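The structure under discussion appears below in the form of structure tokens.
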Amino acid sequence: MTAKFKRSDGREFDELRPIEAKVGVVPNADGSAMYKSGDTIAIAAVYGPRKMHPQHQQNPSKGQLRCDYNMISFSVSERIRPGKNRRSTEISEITKWALEPVLLLGMYPNQVVDIFIDIIQADAGTRCAGINAASLALAHAGIPMKEMVSSIAVGKLDKTLVTDLTKEEEDYEGGEGPTDIPISMTHDGKITHMQLDGKIGVEQLKDAVDLAKEACEKIYEIQKKALKDAIDMGNGEKK
Ligand code: CDP
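Counting in numbering that gives the first Met the number 0, the sequence shown runs without a single skipped number right up to 238 at its last residue.
Structure representation (structure tokens):
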């Protein structure tokens with residue numbers, strides 16, 4: 000790692016793309032949020048807790064979380080075929096795993112909390128942006144949570160670790176090839192989700208987790224501010 004390293008968009012190795020976050024963007028939902036990181040934009044809408052349908056899926060001992068991640072057709076320049084595919088099904092499941100540990104679902108037997116995530120513009124890091132938006136939307140919906148979850152991808156450009164990769168960086172084929180490590184964690188550093196696509200040694204993986212921690216602290220502050228701004232504007236209450 001070297002602090003002198005410059006990226007194609009001029010960022011430092013550990014610098015995040017410009018972030019915007021806002022809650023209350025989908026008035027019909029019980030809670031909602033927009034999270035933008037550079038050219039990646041995610042919208043999340045939460046409905047519930049509400050009675051689980053189909054009924055045979057009800058769990059009398061605790062409530063359940065359902066996540067639906069979707070990249071909409073015009074989110075990238077090559078039109079995406081609408082509907083579910085293997086990638087969106089996997090990311091929906093991963094999003095659920097990332098968020099479930101912080102939710103107090105024991106309070107809602109036989110019920111379900113639904114989260115719908117739409118990526119309206121994609122330039123890598125969409126699963127992380129979706130998790131950040133979803134965490135905000137859950138808080139905005141007033142779902143009892145132990146913690147917020149913040150998420151970021153750390154990757155490698157040749158041998159150098161970088162935070163918050165763009166699509167151009169994710170596709171970098173030089174050196175040891177592309178490595179992408181999306182990580183989600185609570186504010187006190189408990190990892191709720193981690194994936195690894197590519198190759199990395201154990202020591203460098205520890206450095207990657209440290210970089211993700213630094214980034215997630217910054218994201219957490221932005222999430223907190225988005226919620227506070229909504230409360231200040233009288234938009235922080237569940238409808
Ligand atoms: O978005 P994320 O990095 O979480 O997941 P990915 O599967 O590694 O996808 C990386 C990027 O590839 C996306 O953010 C999009 O910019 C792009 N992509 C695309 O152009 N068309 C697809 N069908 C899927 C992804």
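Every residue, glycine too, gets a C-beta built ideally from N, C-alpha and C.
As the structure is a prediction and not an experimental result, all values here were calculated from the model.
Closer than 7 Å: is that where the CB of residue i sits relative to any heavy atom of the ligand CDP?
| i | result |
| --- | --- |
| aspartate 8 | no |
| valine 75 | yes |
| alanine 152 | yes |
| lysine 166 | yes |
| isoleucine 18 | no |
| threonine 191 | no |
| cysteine 215 | no |
| aspartate 122 | yes |
| glutamate 172 | no |
| glutamate 169 | yes |
| proline 177 | no |
I need the straight-line Cα distance from residue i to residue j, nearest angstrom please.
| i | j | result |
| --- | --- | --- |
| glutamine 54 | proline 177 | 44 Å |
| leucine 98 | serine 91 | 11 Å |
| aspartate 157 | glutamate 175 | 6 Å |
| alanine 229 | serine 7 | 35 Å |
| methionine 232 | glutamine 222 | 16 Å |
| glutamine 203 | aspartate 196 | 14 Å |
| lysine 155 | tyrosine 171 | 9 Å |
| arginine 65 | isoleucine 182 | 20 Å |
| arginine 191 | tryptophan 96 | Note that residue 191 corresponds to threonine in the displayed sequence, not to arginine. Taking the straight line from one Cα to the other gives about 7 Å. |
| alanine 28 | methionine 70 | 19 Å |
| alanine 207 | lysine 61 | 35 Å |
| tyrosine 107 | glycine 200 | 42 Å |
| arginine 16 | serine 150 | 13 Å |
| proline 81 | isoleucine 118 | 12 Å |
| threonine 125 | alanine 41 | 7 Å |
| alanine 43 | lysine 198 | 31 Å |
| leucine 226 | glycine 23 | 9 Å |
| arginine 10 | isoleucine 93 | 28 Å |
Going by the beta-carbon positions, is the gap between residue i and residue j smaller than 8 Å?
| i | j | result |
| --- | --- | --- |
| proline 26 | valine 112 | no |
| serine 72 | alanine 121 | no |
| alanine 136 | valine 45 | yes |
| lysine 145 | leucine 210 | no |
| phenylalanine 12 | threonine 159 | yes |
| lysine 224 | glycine 188 | no |
Are the region 127–134 and the region 25–40 in contact at 8 Å, needing three or more beta carbon pairs? yes
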